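What follows is a set of notes on a single structure, which appears directly below.
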Amino acid sequence: MAKRTKLGVVTTGHGPRDEYIHYHQEILRSLGADVEVVIRHIYDGLALEDLLPHQVGKETPNLGSHVHVPGAVGNHMGDGWEHRFFALDFATGRVQAAIDSLERDDGVDMVLLACAAEFPEGSISAGTLLIHPRELMFSVVDNLARGSRRKVRIGVLVDAEHADHDYADWARRPFFERIELVMAPVVTTALAAAEELGRRHVEFAFFFGYGVGLAPYDPVDEIPRLQAAIGAPLLLPHRVTSLHLRNLIGPGLDDHAYLPQGWGLTS
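The following block contains the structure:
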């Protein structure tokens with residue numbers, strides 16, 4: 001009997017982030033995977049005062065993080081949370097430390113980064129498998145474009161302050177000349193940007209916010225409204241990643257569970 005796979009998840013801020021445990025564990029188990037999810041948060045053990053020397057603006061290379069801020073209100077994680085930005089080199093070191101802890105202390109079989117951020121090449125690694133949703137998202141686009149005799153029209157919801165950087169990131173991808181990229185900066189709301197993609201008639205839309213729609217105070221209809229406004233499939237990193245993980249975690253899919261009962265001829 002194959003052993004249960006222990007999946008380590010790294011988040012980019014403070015804990016708890018129980019939605020990541022529930023989502024990844026339940027979607028994988030519902031598809032027949034034998035999996036246990038263990039989670040580490042890169043800033044656990046550090047108070048806000050410890051993090052403030054490393055806080056930066058969006059104009060500086062950074063990693064966005066949900067952290068505990070006493071007295072804060074109005075965040076979709078609940079009161080006492082804020083989304084702040086910390087220097088990328090500092091955050092990257094903490095990400096690597098979390099990966100190391102999951103492998104050394106928790107004995108995980110593979111590690112998932114619960115973010116779709118860009119890290120410097122070679123700056124993080126694992127002794128086991130390291131799953132980076134960002135690269136999975138781009139690999140989907142590569143496969144969409146690879147076999148088509150025309151340019152596939154791809155829409156992307158992006159942070160308005162990062163739009164130029166994000167465009168440059170797409171432009172250096174080897175598949176870029178085989179797609180027609182439509183970027184919709186989020187200036188007011190994500191819904192308004194989604195409506196712009198709908199007006200531009202994209203075939204597929206991508207939103208690189210990991211776990212968007214899963215937080216405790218996210219509206220239940222948030223993602224369905226975005227999808228309806230776009231009028232095309234919306235690909236999210238937590239969805240793409242979970243379906244990819246299912247192929248890596250045993251036991252294998254029971255294919256006949258998806259065929260009519262009694263299917264198959266016998267001699």
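All residue numbers for the sequence shown refer to UniProt numbering, where the first residue is 1 and numbers rise by one. Ideal placement from N, C-alpha and C gives every residue a C-beta, glycine not left out. It should be emphasised that the depicted structure is a prediction, and the values quoted were computed from it without experimental measurement.
request  = Would you check if the distance between the CB atom of Ala184 and the CB atom of Phe204 is smaller than 8 Å?
outcome  = No. Outside cutoff.
Can you tell me which of Gln25, Val141, Gly198 and Glu82 puts its alpha carbon nearest to the alpha carbon of Ala72?
-> When C-alpha distances from Ala72 are compared across Gln25, Val141, Gly198 and Glu82, the shortest belongs to Glu82.
>> Counting C-beta neighbours from all protein chains within 10 Å, is the total for Thr12 16 or more, i.e. buried, or is it exposed?
In response: The residue in question, Thr12, is buried, as its Cβ has 16 or more Cβ neighbours within 10 Å.
### Reference Ala98, options Ala171, Ser148, Pro70 and Val10, closest by Cα
Minimum Cα-Cα distance from Ala98 among the listed residues Ala171, Ser148, Pro70 and Val10 corresponds to Val10.
Next item on the list: In the DSSP assignment, find the unbroken beta strand (DSSP E) run with His22 in it and report its ends.
Entry: Secondary structure note for His22: it is in no beta strand (DSSP E), and the uninterrupted alpha helix (DSSP H) holding it is Asp18 to Ser30.
Closest by CA to Asp106, which one among Val186, Glu36, Arg239 and Asp218?
When only C-alpha atoms are compared, the closest one is Glu36.
Open item on the list: Which of the three DSSP states is assigned to Leu197 in this structure?
Closed with: When secondary structure is reduced to three states using DSSP, Leu197 falls in the helix class.
If I measure Cβ to Cβ from Cys115 and keep anything under 6 Å in the same chain, skipping five residues before and after, which residues do I get? The residues are Thr12 and Tyr210.
query: Candidates Phe207, Arg173 and His54: which alpha carbon is nearest Ala87's?
result: Considering only alpha carbons, the answer is His54.
Exposed unless 16 or more other CB atoms sit within 10 angstroms - verdict on His14:
In the assembly as shown, His14 is a buried residue. Its beta-carbon has 16 or more other beta-carbons within 10 Å.
If distances are taken between C-alpha atoms only, which option among Leu248, Ala193 and Ala257 comes closest to Ala2? Cα-wise, what sits closest to Ala2 is Leu248.
From residue 284 to Glu26, what distance separates their C-alpha atoms? Since the displayed the chain opens at 1 and closes at 267, residue 284 lies outside it and no answer follows.
Would you report the Cα separation of Leu52 and His66, rounded to the nearest angstrom? Distance between the alpha carbons of Leu52 and His66: 13 Å.
Review point. Secondary structure at Ala184, three-state DSSP: helix, strand or coil?
Key: Strand, per DSSP.
Based on Cα-Cα distance, which residue from Asn143, Ala190, Pro219 and Ile39 lies nearest to Phe208?
Distances from the CA of Phe208 to each of Asn143, Ala190, Pro219 and Ile39 were compared; the closest alpha carbon is that of Ala190.
Can you check DSSP and say which residues form a bridge with Thr92?
-> For Thr92, DSSP assigns no beta-bridge partner whatsoever.
Practice prompt. Figure out for me which residue from Pro251, Asp218, Leu265 and Pro260 has the closest Cα to the Cα of Leu28.
Written response: Cα-wise, what sits closest to Leu28 is Pro251.
Secondary structure of Ile99, DSSP reduced to three states = In the three-state scheme derived from DSSP, where H, G and I count as helix and E and B as strand, Ile99 is classed as helix.
Can you give the Cα-Cα distance for Asp89 and Lys58, rounded to whole angstroms?
-> The straight-line gap from Cα to Cα measures roughly 14 Å.
### Span of the beta strand (DSSP E), counted from its first residue to its last, around Trp81
For Trp81, the uninterrupted beta strand (DSSP E) segment begins and ends at Trp81 to Ala87.
Subject >> Enclosing beta strand (DSSP E) for Met137 [first to last residue] >> reply: That residue, Met137, is in no beta strand (DSSP E); its alpha helix (DSSP H) goes Pro133 to Arg146.
With C-beta atoms as the reference, is Ala117 less than 8 Å away from Ile42?
-> Not a contact, by the Cβ cut-off of 8 Å.
In its own chain, which residues sit with a C-beta less than 7 Å from the C-beta of Arg225, not counting the 5 before and 5 after it?
-> Shown here for Arg225: same chain residues with a beta carbon closer than 7 Å to its own, the five before and five after excluded, namely Leu191 in chain order.
Inter-residue spacing [alpha-carbon to alpha-carbon] between residue 274 and Trp263
In the structure displayed, the chain extends from 1 to 267; residue 274 sits before or after that span and is not available.
Whole-Å CB distance - Leu46 paired with Val69, under 8 Å assumed: About 13 Å separates the two Cβ atoms, so there is no contact after all.
Exercise. Could you spell out where the beta strand (DSSP E) holding His54 opens and where it closes?
Key: Where His54 is concerned, there is no enclosing beta strand (DSSP E), because DSSP gives it neither an H nor an E.
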